[in-house]
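To start, the structure under review is shown below, and the notes come after it.
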Amino acid sequence: MATATVSPGGLTRREFLYYIWGASIALVAVEVTGLLVWFMLPRFREGEFGGTFKLSIDDLPEVNAPPFNFPDGRFWLVNVDNEVIAGCERMWRAEGDGAIKGAAAIYKVCTHLGCIYAWVDANNRYECPCHGSKYRLDGRRIEDPAPRNLDRFKLAALDENETVIAESEISSDGTYDALAIPPNAAFLQIDTGDKKQGVSQVLLSNFHQGCP
Amino acid sequence: MATFYDQVREMGLKQATIAKSDEIVERITAGMNTGDIRSALRGDEARRPNPRLRPHADGFWFHIRPSFYHNEVTRIYPTFRLGWLSVFMFIWETITGIFLMIFYTPRPGTAYSDIWNILANVPLGELMRNLHRLGAEAMVLVVALHMLRTFLTGSYKKPRQFTWLTGMLLLIFTLVLSFSGYLLPWDQLSFWAVTVAVSAAEAAPPAEILGTNINLLIRGAPTFGDGGLLRWYLLHVLVLPLLTGVFLFVHYYKVVLHGHSLPPGQEKVGEDTAKRVPKGERTYFTPDILTSELMWTALTTLLLIVGALWFYNAPLESQANPLVTPLHVVAPWYLAWSQGWLKLADKVLIAFIFMPALATAFFVMPYIEVGKSRRYADRRVGLSITMLFIAFMLVSNWMGSPEFAVESSADQELFQELVPQEGHSVLLAVPFEDLEEGFYVPGGDAPNPALEEALQEFKSAMDRHSCNVNGNTWKDDCKPIKDSEGNIERYANTFASEAMPDAKAALRIEAEQHDLKRIIMQVSSRDPVSGEILVDAERVAFRHADSGYEGQ
Chain A
1 MATATVSPGG LTRREFLYYI WGASIALVAV EVTGLLVWFM LPRFREGEFG GTFKLSIDDL
61 PEVNAPPFNF PDGRFWLVNV DNEVIAGCER MWRAEGDGAI KGAAAIYKVC THLGCIYAWV
121 DANNRYECPC HGSKYRLDGR RIEDPAPRNL DRFKLAALDE NETVIAESEI SSDGTYDALA
181 IPPNAAFLQI DTGDKKQGVS QVLLSNFHQG CP
Chain B
1001 MATFYDQVRE MGLKQATIAK SDEIVERITA GMNTGDIRSA LRGDEARRPN PRLRPHADGF
1061 WFHIRPSFYH NEVTRIYPTF RLGWLSVFMF IWETITGIFL MIFYTPRPGT AYSDIWNILA
1121 NVPLGELMRN LHRLGAEAMV LVVALHMLRT FLTGSYKKPR QFTWLTGMLL LIFTLVLSFS
1181 GYLLPWDQLS FWAVTVAVSA AEAAPPAEIL GTNINLLIRG APTFGDGGLL RWYLLHVLVL
1241 PLLTGVFLFV HYYKVVLHGH SLPPGQEKVG EDTAKRVPKG ERTYFTPDIL TSELMWTALT
1301 TLLLIVGALW FYNAPLESQA NPLVTPLHVV APWYLAWSQG WLKLADKVLI AFIFMPALAT
1361 AFFVMPYIEV GKSRRYADRR VGLSITMLFI AFMLVSNWMG SPEFAVESSA DQELFQELVP
1421 QEGHSVLLAV PFEDLEEGFY VPGGDAPNPA LEEALQEFKS AMDRHSCNVN GNTWKDDCKP
1481 IKDSEGNIER YANTFASEAM PDAKAALRIE AEQHDLKRII MQVSSRDPVS GEILVDAERV
1541 AFRHADSGYE GQ
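Heads up: the protein sequence lines correspond to chains A and B, in order. Numbering follows the numbering used here, with no gaps: position 30 of the first sequence is 30. Numbering follows the numbering used here, with no gaps: position 304 of the second sequence is 1304.
Here is the structure:
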């Protein structure tokens, strides 16, 4: 291989201008790429995905009973109470766990890679058919590879006149707490435009398995 | 030069026409006239200067092919024709793909029915779809084997490292091409496979900025729909074939430049005979390699057509349903390893650290393994690592199967075997007219042999997913579970951790409509000690006279 013997010397004006010219072409290329990405981003209106669903209070399942499937809104409606002994096998309680009591609207999509998990009655848990994540009735994850608990939608209880009498509150860890349903509630309102991510907590299978 | 008219006046019409056509042939072939072509086909010695080399120098199509090969690389070993086969598959996919495009619209509302139209109404449509799908799977296999061969014979070593690098790109393009085509039929199989892949991309860190926008770009909206399908269609029919074509030429150019490396044992260590092939050891492209490739084209076409006609049926499940992920949904076989890995660990770790690291390792491999020798005996460490890697990939593939980590409860697995949410089963494969209406039990009597055989399968599936409570020692699959005093409490099944105790199951077949039957399977089980109902489940499946499940 021939070695370069001619020293290029200092930067000439022509060479310098070529570099500047090349740099501006590169800059334009970056700008065009940015424009292309901006152009390719889909247009949709805020709130186009998701909506508000109103259900009768009768659709709410019994305490710790299998969840109510509402495919149109992409959620499960659950009614949980980890202090009730009967049916506690659905609601394993962790040591130091506070009360988990009330209703929740749980987003039907697995927090791992977007598959729709199913409620498997014989195993008393949700199971994902894609990569095998498992969740308890209230959406706490009990098996990998899901990174966090199931997401929840905002839930409100309405009375007969359809005025809001209770709304789910955001817990300290940023998800919607289970909502205690007032006795005079007649309807439930689920806002699927308002979703809060589940918490990433220690796997439930490591928990103490004793019932309350 | 004399005009054609002058020539006619000079030699008469016949001779002038012959001379003119000869000239045209020479222009088209960039250097070979009719006589040269005939002499090549007869196998005569070429005249000097050799006109058979001129198309390689002056024509486009031949200049991307070497004008001669070393005799040692023209046998099946060492190339196994795999590189050529990869290009053949690429062209094959382009041709069959264009046929399918004629009858396909990339919209969720019509895509699925378009595929059915291709299968049911378009003449040769089903064959064309089978050929395209079979070709796609064959292409993945061939490209992967091509790379494996290149590695094993050490052909990626200096000076061919860059050829390997472009080959890696082509492998990735092949995988993405195959996978992007997966979505287009818009059935359950495709929808969920692609949903998983896109959701993995959505996890790109930092997810709030990068992941969210990547998701929007490749899904065309927050959820899959019109926009997403169109984007994947354009990727499949336009962007990726173009990229593949461009890098194919880069790859080919490097092959012309460096020639085919000889089998490792045939030359001294450190030598590269392909650079300067001695005159006596050359096999010229025209006519030997060219005619050999034509023969291989015919043979591969024959094999693919036989395969698509009698041995391979491109799967088509029910229409994509964003609200139901079927149980036992699996990635295409060539990506099963990724599904296995994603079951194991965090998605960011797998998709954005492990996979890119592995791909990078493959890209730079020829720059790492710099030993001069290509001989097998001198590369024992590398070859051993390769074998271990292949073993690792086989285990990963197994982990991608539903057996690993996604087994559901016994009743669901029983349903999955006989009346699955998607695909066929022993029961659904019973001929339509043999599915007589009635009530049946596992292993029970049936009005015809086909159904009776299915009921036997029903029984053996029940054996696998359940166990009797009281001392049924005749069944090897069952092992006793004892209480603290040593009494047998119940029997458990060695195959299933969650076997149903004393399960009862039944099957009902009803006529739903003309040419449509409803198959209802029920299973129930009680806890032998407490008497509590453990399982009480039902699954309904439909079987149409034209479902096409017979003999599957």
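Beta carbons: idealized from backbone N, C-alpha and C, even for Gly. Here the structure is a predicted model, which means the values were calculated and not measured.
Residues of chain C with CB under 8 Å from residue i, in chain order?
i        : result
H1328(B) : The structure shown contains no chain C; the protein chains it does contain are A and B.
Considering Cα atoms alone, identify which of the options is closest to residue i.
i        : options                                : result
F1060(B) : F1249(B), E1271(B), F1004(B)           : F1249(B)
F70(A)   : T192(A), V199(A), Q201(A), Y18(A)      : T192(A)
A185(A)  : G22(A), N79(A), W21(A), I165(A)        : I165(A)
L36(A)   : I1289(B), F1352(B), N1213(B)           : N1213(B)
L1349(B) : R1081(B), P1205(B), E1293(B), D1044(B) : P1205(B)
V199(A)  : V80(A), D138(A), G102(A)               : D138(A)
K134(A)  : V109(A), K154(A), A29(A)               : V109(A)
L1302(B) : G1225(B), L1134(B), S1190(B), A1193(B) : L1134(B)
L1171(B) : Q1522(B), R1539(B), M1089(B), A1541(B) : M1089(B)
L1335(B) : L1234(B), V1140(B), W1164(B), K1482(B) : V1140(B)
A1454(B) : L1427(B), A1446(B), L1342(B)           : L1427(B)
T1096(B) : R1107(B), W1116(B), L1082(B), L1124(B) : L1124(B)
E1510(B) : R1231(B), G1227(B), L1257(B), Y1440(B) : Y1440(B)
E167(A)  : D194(A), E15(A), D151(A)               : D194(A)
T1195(B) : P1106(B), T1300(B), V1330(B)           : V1330(B)
L1516(B) : E1437(B), R1065(B), G1486(B)           : E1437(B)
F187(A)  : F53(A), W21(A), A26(A)                 : F53(A)
E1267(B) : N1321(B), L1290(B), H1070(B)           : H1070(B)
V1306(B) : Y1376(B), N1130(B), D1483(B)           : N1130(B)
Checking the sheet assignment: what are the DSSP bridge partners for residue i?
i        : result
C1467(B) : P1501(B)
H1070(B) : R1282(B)
D81(A)   : K101(A)
L188(A)  : L55(A), A157(A)
F68(A)   : L77(A)
L179(A)  : A103(A)
A1541(B) : I1519(B)
D1536(B) : S1524(B)
W119(A)  : Y126(A)
F1439(B) : R1508(B)
A166(A)  : A157(A)
F1025(B) : Phe is not the amino acid found at residue 1025(B); the sequence shown has Val there. Paired residues: none, contrary to the question.
V109(A)  : I116(A)
Using a Cβ-based criterion (distance less than 8 Å to any ligand heavy atom), does residue i qualify as near the ligand COA?
i        : result
Q1412(B) : Annotation note on the ligand COA: not contained in the displayed structure, which lists no ligands.
Rounded to the nearest angstrom, how far is the Cβ of residue i from that of residue j, given a contact under 8 Å?
i        : j        : result
G974(B)  : R1379(B) : Within the shown structure, residues of chain B are numbered from 1001 to 1552, placing residue 974(B) beyond reach of any answer.
R1149(B) : F1080(B) : 6 Å
A1120(B) : E1093(B) : Incorrect: roughly 23 Å between the Cβ atoms, too far for contact.
E1538(B) : I1520(B) : 6 Å
R1526(B) : V1540(B) : Not quite, the Cβ-Cβ distance comes to about 23 Å (not below 8 Å), so this is no contact.
I142(A)  : L203(A)  : 6 Å
M1128(B) : L1100(B) : 6 Å
V1324(B) : D1411(B) : So it is not a contact: roughly 18 Å between Cβ atoms.
Validate contact between the region 1386-1406 of chain B and the region 1166-1182 of chain B using beta carbons, cut 8 Å, 3 pairs | no
Contact between the region 150-161 of chain A and the region 1366-1379 of chain B (3+ Cβ pairs under 8 Å) = no
In chain order, what residues of the region 24-48 of chain A put their CB closer than 8 Å to some CB of chain B?
-> V37, M40, L41, P42, F44
Chain B contacts from the region 139-151 of chain A (Cβ-Cβ distance under 9 Å) | E143, D144, P145, P147
Using 8 Å as the threshold, is the region 1031-1039 of chain B in touch with the region 1254-1263 of chain B, meaning 3 or more CB pairs across them?
-> no
Inter-stretch contact (C-beta, 8 Å, three-pair minimum) for the region 116-130 of chain A and the region 160-180 of chain A | no
Near-chain A residues of the region 1330-1362 of chain B - C-beta to any C-beta below 8 Å | Q1339, L1342, K1343, L1344, A1345, D1346, K1347
Does the region 1530-1547 of chain B come within contact of the region 1421-1433 of chain B, defined as at least 3 CB pairs closer than 8 Å?
-> yes
Short-range partners of chain A found in the region 1528-1540 of chain B, where Cβ spacing is below 9 Å | L1534, V1535, D1536, A1537
Determine contact between the region 1351-1366 of chain B and the region 1416-1428 of chain B, defined as no fewer than three beta-carbon pairs at a distance below 8 Å.
-> no
Counting pairs of beta carbons, one from the region 1037-1046 of chain B and one from the region 1277-1295 of chain B, are three or more of them closer than 8 Å?
-> yes
Would you be able to state if there are at least three C-beta pairs under 8 Å between the region 1186-1200 of chain B and the region 111-130 of chain A?
-> yes
Sufficient close CB pairs (3 or more, under 8 Å) joining the region 1387-1394 of chain B to the region 1297-1316 of chain B = no
The region 111-123 of chain A: which residues have C-beta closer than 9 Å to a C-beta of chain B, in chain order?
-> H112, L113, G114, C115, I116, Y117, A118, V120, D121, A122, N123
Quick one: which residues of the region 1185-1213 of chain B get their C-beta closer than 9 Å to a C-beta of chain A? List them in chain order.
-> W1192, T1195, V1196, A1197, V1198, S1199, A1200, E1202, A1203, N1213
Determine, using beta-carbon pairs with one atom in the region 1335-1347 of chain B and one in the region 142-155 of chain A, whether at least three such pairs fall under 8 Å.
-> yes
Using a Cβ cut-off of 9 Å, which residues of the region 58-88 of chain A contact any Cβ in chain B, in chain order?
-> P71, D72, R74
Chain A contacts from the region 1408-1422 of chain B (Cβ-Cβ distance under 8 Å) = S1408, S1409, A1410, D1411, Q1412
Of the residues that make up the region 1304-1327 of chain B, which ones have a beta carbon closer than 7 Å to any beta carbon in chain A?
-> L1323, V1324, T1325, P1326, L1327
Going along the region 1213-1225 of chain B in order, which residues come within less than 9 Å of chain A, judged by CB to CB distance?
-> N1213, L1216, L1217, R1219, G1220, A1221, P1222, T1223
Could you tell me whether the region 1220-1232 of chain B touches the region 1181-1188 of chain B, where touching means 3 or more Cβ pairs closer than 8 Å?
-> yes
Residues in the region 187-202 of chain A having any Cβ partner in chain B nearer than 9 Å | none
With 7 Å as the C-beta to C-beta threshold (strictly closer), list the residues of the region 100-111 of chain A near chain B in chain order.
-> none
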